[in-house]
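Below: the structure, in structure tokens.
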Amino acid sequence: MKLKKIASLMLAGVMAVSMLAACGSNGTENGGASSEEEKPSTGYADVFNAELTARAQERVTFTDSTALDAVVDEAIGAINSNTILGSLNYNTVQRIQTAVGGSFIPMLNDLDDELDLLPGFPYDGATLNGTMNAVAVTPGELDEPDTIAAVYAFDGTKVDVKSALKQIAQNMSASISGLDNEQQNHLNTQLVYNLHYTGEISVRSKTYENSIADVTITFVVVTISRTATV
């Protein structure tokens with residue numbers, strides 16, 4: 001009887017330890033899930049990267065960015081619902097530019113301010129390498145990024161997001177390939193800077209209500225930032 005009692009106590013102890021271990025494991029898993037929720041991956045960057053040429057992929061690897069999402073959400077909220085309908089044909093992917101009209105000016109200004117973009121924004125994705133390559137590296141601020149961005153819009157109910165991303169990537173691929181990988185100091189040509197690039201993608205949608213019709217517009221913002229090392 002004593003042996004049976006001792007065996008029972010030992011079994012109970014093992015079960016208790018197992019339960020505690022399980023609880024600890026679950027706590028770790030939940031913590032990991034919480035971390036994942038803070039930085040969700042939409043997969044849009046993967047679609048974009050896959051459509052770039054091999055050389056463009058060597059220059060820049062794009063990632064999804066929740067921080068950029070937050071900036072874009074605020075910016076597209078500044079667009080006037082009463083004027084947006086007449087600005088573009090949203091049945092196809094459209095590049096947003098200042099010349100389009102006043103509807104997008106508040107959005108563009110917000111993006112420019114928050115992202116601290118180089119002069120000339122909004123840029124044409126097909127030629128943005130010219131803008132970036134023309135900017136001289138500042139010797140004392142090698143870690144301070146120089147950032148450019150291209151903005152596109154379309155009716156997300158009529159244009160598939162992944163198809164749009166592929167089209168945008170194809171449009172930008174040549175200019176991304178043309179980004180310089182080094183730059184000489186303009187005062188000392190013996191000093192050469194190695195250039196490094198990072199890219200971010202944000203895809204956000206908003207429904208605009210007005211007296212004519214409600215329209216849901218999907219915006220794609222693509223940013224490229226450059227830093228340098230000696």
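Residues in the sequence shown are numbered consecutively from 1, following the working numbering.
Where a beta carbon is used, it is the ideal one built from N, C-alpha and C, also for glycine.
Could you give the distance in angstroms between the alpha-carbon of residue i and the alpha-carbon of residue j?
| i | j | result |
| --- | --- | --- |
| Leu118 | Asp73 | 21 angstroms |
| Thr227 | Asp64 | 19 angstroms |
| Lys166 | Ser177 | 16 angstroms |
| Gly125 | Ala75 | 19 angstroms |
| Glu51 | Ala169 | 6 angstroms |
| Ala70 | Ile201 | 12 angstroms |
| Phe62 | Asn80 | 30 angstroms |
| Tyr193 | Ile217 | 41 angstroms |
| Ser175 | Ser211 | 40 angstroms |
Buried or exposed: residue i, going by 16 or more other Cβ atoms within 10 Å of its Cβ?
| i | result |
| --- | --- |
| Val222 | buried |
| Thr131 | buried |
| Asn91 | exposed |
| Val230 | exposed |
| Asn82 | exposed |
| Ile84 | buried |
Candidates the options: which alpha carbon is nearest residue i's?
| i | options | result |
| --- | --- | --- |
| Gly156 | Ala136, Val230, Asn89 | Asn89 |
| Asp112 | Leu187, Ser81, Ile148, Asn133 | Ile148 |
| Thr127 | Ser103, Asn82, Arg95 | Arg95 |
| Tyr152 | Val47, Glu209, His196, Pro122 | Pro122 |
| Glu144 | Met107, Asp124, Tyr208, Leu115 | Leu115 |
| Thr53 | Ile217, Asn171, Val192 | Asn171 |
| Thr66 | Arg204, Asp46, Gly140 | Arg204 |
| Ala78 | Asn188, Asp146, Val60, Met107 | Met107 |
| Asn188 | Asn133, Thr61, Val137 | Val137 |
| Ser225 | Gln184, Val135, Gly199, Glu209 | Gly199 |
| Tyr44 | Lys162, Lys206, Ile217 | Lys162 |
| Thr154 | Val60, Val93, Arg55 | Strictly speaking, residue 154 in this sequence is Phe, with Thr absent from that position. That would be Val93, whose Cα lies nearest to the Cα of Phe154. |
| His186 | Ile105, Val159, Ala134, Ser211 | Ala134 |
| Asn181 | Phe219, Ala150, Ser211, Asn129 | Asn129 |
In three-state DSSP terms, what is residue i?
| i | result |
| --- | --- |
| Tyr123 | coil |
| Asn210 | coil |
| Asn194 | strand |
| Ile224 | strand |
| Gly117 | Reading the sequence as shown, one finds Leu at residue 117 and not Gly. Correct three-state label for Leu117: strand. |
| Val72 | helix |
| Ile79 | coil |
| Gly130 | helix |
| Val135 | coil |
| Val215 | strand |
| message | I'd like the ranges of any alpha helix (DSSP H) spanning at least 4 consecutive residues and lying wholly in the region 143-188. | response | 161-177
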